[in-house]
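Participant:
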Amino acid sequence: MSAGTDTRRIVLCRLDDVPLGGVRRVSAAGLEPLAVVRVDDGAGGSVHVVSDTCTHEDESLSEGDLDGTVLVCIAHFAEFDVRDGRPLCFPAERPLTVYPATIEEGDVVIEVEQP
Amino acid sequence: MNAGLDNPAVDELVRLPGLDEGRIDRRIFWDADVYERELHRIFARCWNFVAHESQLPRPGSFRTAWLGEDQVIVVRRRDGSLGAYLNSCPHRGNRVCLAEAGQARGFVCNYHGWSFGLDGALRGMHEAGVYDREPGFDRGALGLTPVAQLDTYKGLVFATFDAEAPSLRDYLGAFTYYLDVVLDNDEGGTEFVGGRITSVLGCNWKIAAENFAGDALHAGWTHASGAEAMLGRPVPSLGRQPESYHVSVNGHAWEFNLDTVGNAATLDDPVVLDYLRGRHADVVARLGELRARMVGSISSVNVFPNFSFLPGQNTFRTWQPRGPHRTELHTWVLVNRNAPQRVKDAWRKGAMMTFSPAGVFEMDDGENWEGATRSNAGVVTRRQPLHYGLGMRSCVEHPELPGEVHRGQVNDANQRALYRRWSQLMQARSWTELVAKDAA
Numbered sequence: 001m002s003a004g005t006d007t008r009r010i011v012l013c014r015l016d017d018v019p020l021g022g023v024r025r026v027s028a029a030g031l032e033p034l035a036v037v038r039v040d041d042g043a044g045g046s047v048h049v050v051s052d053t054c055t056h057e058d059e060s061l062s063e064g065d066l067d068g069t070v071l072v073c074i075a076h077f078a079e080f081d082v083r084d085g086r087p088l089c090f091p092a093e094r095p096l097t098v099y100p101a102t103i104e105e106g107d108v109v110i111e112v113e114q115p
Numbered sequence: 001m002n003a004g005l006d007n008p009a010v011d012e013l014v015r016l017p018g019l020d021e022g023r024i025d026r027r028i029f030w031d032a033d034v035y036e037r038e039l040h041r042i043f044a045r046c047w048n049f050v051a052h053e054s055q056l057p058r059p060g061s062f063r064t065a066w067l068g069e070d071q072v073i074v075v076r077r078r079d080g081s082l083g084a085y086l087n088s089c090p091h092r093g094n095r096v097c098l099a100e101a102g103q104a105r106g107f108v109c110n111y112h113g114w115s116f117g118l119d120g121a122l123r124g125m126h127e128a129g130v131y132d133r134e135p136g137f138d139r140g141a142l143g144l145t146p147v148a149q150l151d152t153y154k155g156l157v158f159a160t161f162d163a164e165a166p167s168l169r170d171y172l173g174a175f176t177y178y179l180d181v182v183l184d185n186d187e188g189g190t191e192f193v194g195g196r197i198t199s200v201l202g203c204n205w206k207i208a209a210e211n212f213a214g215d216a217l218h219a220g221w222t223h224a225s226g227a228e229a230m231l232g233r234p235v236p237s238l239g240r241q242p243e244s245y246h247v248s249v250n251g252h253a254w255e256f257n258l259d260t261v262g263n264a265a266t267l268d269d270p271v272v273l274d275y276l277r278g279r280h281a282d283v284v285a286r287l288g289e290l291r292a293r294m295v296g297s298i299s300s301v302n303v304f305p306n307f308s309f310l311p312g313q314n315t316f317r318t319w320q321p322r323g324p325h326r327t328e329l330h331t332w333v334l335v336n337r338n339a340p341q342r343v344k345d346a347w348r349k350g351a352m353m354t355f356s357p358a359g360v361f362e363m364d365d366g367e368n369w370e371g372a373t374r375s376n377a378g379v380v381t382r383r384q385p386l387h388y389g390l391g392m393r394s395c396v397e398h399p400e401l402p403g404e405v406h407r408g409q410v411n412d413a414n415q416r417a418l419y420r421r422w423s424q425l426m427q428a429r430s431w432t433e434l435v436a437k438d439a440a
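Sequences listed follow chains A and B, in order.
Sequential numbering from 1 applies to the first sequence in the numbering used here.
Sequential numbering from 1 applies to the second sequence in the numbering used here.
Now the structure itself:
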């Protein structure tokens, strides 16, 4: 933790609220809408949290498809890799924001900087 | 004002006044106004074949298909049901799907990014925010236009743009008795193998459709050299077959004899013949002796208006109209789903060798049909009616065969039946009017 900043711990949802291979939209005070993504990696699943709004148009990515680690927007089929947020095809050109997440006693938790 | 629909000269022409004396006016193969009326009253009205269910295995599987010159996207939706929509964006009209077939999450117009789901609903637009601020803009009213009805018969998918059209079962009527010969001779049903072969013929679509509806006569003449090449002998004389027929129901037509494997033999592959002979007892148990002998016999079929196939060669095709003098031919190969892979392969290759743009029989036909169409450019030539007068007194009652049955497969009865249905549809202002006449 660097000097001059605090971090805020935010519980987004229960892990069980997100189906394996699925996406859930969550909101947290002071933050943009977020997508909690549970990738079916064949080893119990890995959890990723990214911004829920497509960087092309105002569309909720949690309405779209999850194909492995690729989140697909329902509107124009823009694709993002949920592990690093990078856009994979037109019309997406800017990455999603990634929020490193941990699982604590069954909760999906992120930590955000708080000035 | 529409020169095809509101035109007393076309009204008179499509009555086909000489049909019951075995004459047809050549102008129905040439006139642009007749063609325009066909698009409205035949293709926008009838049940058109659009796909085999095996071509749409998963949600997102799609094919493009044609009902006349209207193109549709046929798609397996997320809930597993089938849908079909006009392939034209409601914004500026461009195609939203450029592929013949594939797997998609939805369809995005290449022009302005209007995007549609597998259910045809509008999902998004480029610069969506601008639209969302537009008063009265309603996404819900701007999906792709669906067909009026879509249904399947034993794996075959059909669609119609006419909400008044009778159900598919009623449209096919007793013809299902015959369709089951190819669609239901095995408990596993059927599938299409391989892709679609597309070619273009410089002919009117009806000349191709009527050939498959009933033209056994041309086989031994047109295809003599092809038969020599594939079989080492000519096509047998079909005029002397004691047990051969023209049958029709609602304009759908099947000509056949009962030689069991005559068509299949032209593939010149023992794998196919051994399969058919090996299954004969099972097919008899399933369909009866009579229909078991139709499975691969010398025969041809047209489902009104433009969906044809050949039992035995198993080539399935649609004759897509592209103007009065041009037809796009789409072909596929049908096999039993439970057939061994080597049998499926033999049929796929055999159909390619015989009925494909480079097939020995397909080439023979195209040449003739183009000639039969182009000659009508002559204004004096067009005044000479064509002869459809074979088998005028061949109609019989048959103890087993349903529909209108004529003895003798060298006959014009099925062709007349096709044109009678064509004439009825071309005159009727609606399906309701036509169904009332059928019942009377």
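Glycine is no exception: its CB is placed at the ideal position from the N, C-alpha and C atoms.
Expressed to the nearest angstrom, what Euclidean distance is found between the alpha-carbon atoms of valine 295 (chain B) and serine 423 (chain B)?
Facilitator: Cα to Cα, valine 295 (chain B) sits roughly 31 Å from serine 423 (chain B).
Participant: Note down, in chain order, each residue of its chain lying with its Cβ closer than 6 Å to the Cβ of serine 51 (chain A), except the 5 sequence neighbours on either side.
Facilitator: Once the five neighbours on either side are set aside, the close Cβ partners of serine 51 (chain A) are Glu32, Leu96 and Thr97.
Participant: Under 8 Å between C-beta atoms, does aspartate 128 (chain B) make it to chain A?
Facilitator: The question names aspartate, but residue 128 (chain B) is alanine in the sequence shown. Taking Cβ atoms only, chain A reaches closer than 8 Å to alanine 128 (chain B), which makes this a yes.
Participant: Tell me where the beta strand (DSSP E) around aspartate 17 (chain B) begins and ends.
Facilitator: Checking the sequence, you will find proline at residue 17 (chain B) rather than aspartate. Counting along the chain, proline 17 (chain B) falls outside any beta strand (DSSP E), and DSSP gives it neither H nor E.
Participant: Residues of the stretch 128–155 of chain B with a CB closer than 9 Å to any CB of chain E: list them in chain order, please.
Facilitator: Among the protein chains of the structure shown, namely A and B, there is no chain E.
Participant: So the candidates are B:Arg139, B:Thr222 and B:Ala281; which of them puts its Cα closest to the Cα of asparagine 368 (chain B)?
Facilitator: Considering only alpha carbons, the answer is B:Thr222.
Participant: Cβ of glycine 262 (chain B) within 8 Å of Cβ of glycine 214 (chain B)?
Facilitator: Cβ distance not < 8 Å, so glycine 262 (chain B) and glycine 214 (chain B) don't count as in contact.
Participant: Among the candidates B:Thr354, B:Pro385, B:Arg58 and B:Gly155, whose CA atom is the shortest distance from the CA of alanine 264 (chain B)?
Facilitator: That would be B:Thr354, whose Cα lies nearest to the Cα of alanine 264 (chain B).
Participant: On the DSSP bridge assignment, give the partners of glycine 102 (chain B) in chain order.
Facilitator: B:Phe62, per the DSSP bridge assignment.
Participant: What number of angstroms, rounded off, separates the C-alpha of arginine 421 (chain B) from the C-alpha of alanine 216 (chain B)?
Facilitator: Near 20 Å, if we compare the C-alpha coordinates of alanine 216 (chain B) and arginine 421 (chain B).
Participant: Count the C-beta pairs between the stretch 96–111 of chain A and the stretch 334–354 of chain B that are closer than 8 Å, then say yes if the count reaches three, no if not.
Facilitator: As far as the Cβ criterion goes, the stretch 96–111 of chain A does not touch the stretch 334–354 of chain B, which means the pair count is below three.
Participant: Mapping the DSSP letters down to three states, classify leucine 273 (chain B) as helix, strand or coil.
Facilitator: Helix at leucine 273 (chain B).
Participant: Cβ atoms of valine 108 (chain A) and threonine 69 (chain A): under 8 Å apart, would you say?
Facilitator: For threonine 69 (chain A) and valine 108 (chain A), no; Cβs fall outside 8 Å.
Participant: At a Cβ threshold of 8 Å, is methionine 1 (chain A) touching chain B?
Facilitator: Reliability of the predicted coordinates at methionine 1 (chain A) is poor, the pLDDT of 44 falling under 50, and no value is obtained from them.
Participant: Which one or two residues does DSSP pair with tyrosine 85 (chain B) in a beta bridge?
Facilitator: Paired residue(s): B:Ile73 and B:Pro146.
Participant: Give the DSSP-derived three-state secondary structure of isoleucine 42 (chain B) in the structure shown.
Facilitator: Isoleucine 42 (chain B): helix per DSSP, three-state reduction.
Participant: Aspartate 438 (chain B): beta carbon under 7 Å from a heavy atom of the ligand SAH?
Facilitator: Ligands displayed in this structure: none; no statement on the ligand SAH is therefore possible.
Participant: What residue range does the alpha helix (DSSP H) around asparagine 263 (chain B) cover?
Facilitator: That run of the alpha helix (DSSP H) goes 262–265.
Participant: State the DSSP-derived secondary structure class of serine 2 (chain A), mapped to helix, strand or coil.
Facilitator: Here serine 2 (chain A) scores only 49 on pLDDT, less than 50, and its place in the model is too uncertain to base an answer on.
Participant: Spatial neighbours of leucine 122 (chain B) within its chain, please: CB distance less than 7 Å, with the 5 preceding and 5 following residues excluded, ordered by chain position.
Facilitator: Around leucine 122 (chain B): Trp114, Phe116, Arg139, Leu142 and Gly143.
Participant: Using beta carbons (cut-off 8 Å, strictly below), is phenylalanine 77 (chain A) in contact with chain B?
Facilitator: Output row for phenylalanine 77 (chain A): interface = yes.
Participant: Would you mind stating whether isoleucine 28 (chain B) and leucine 39 (chain B) have Cβ atoms separated by less than 8 Å?
Facilitator: It is not a contact, given that the beta carbons lie outside the stated cut-off.
Participant: Please tell me whether threonine 198 (chain B) and histidine 330 (chain B) are closer than 8 Å, where the distance is taken between their beta carbons.
Facilitator: Yes. Within cutoff.
Participant: Three or more C-beta pairs closer than 8 Å, one from the stretch 103–112 of chain B and one from the stretch 56–63 of chain B: is that the case here?
Facilitator: Segments in contact, yes.
Participant: Is valine 108 (chain B) close to chain A? Criterion is C-beta to C-beta, closer than 8 Å.
Facilitator: So yes, valine 108 (chain B) belongs to the interface.
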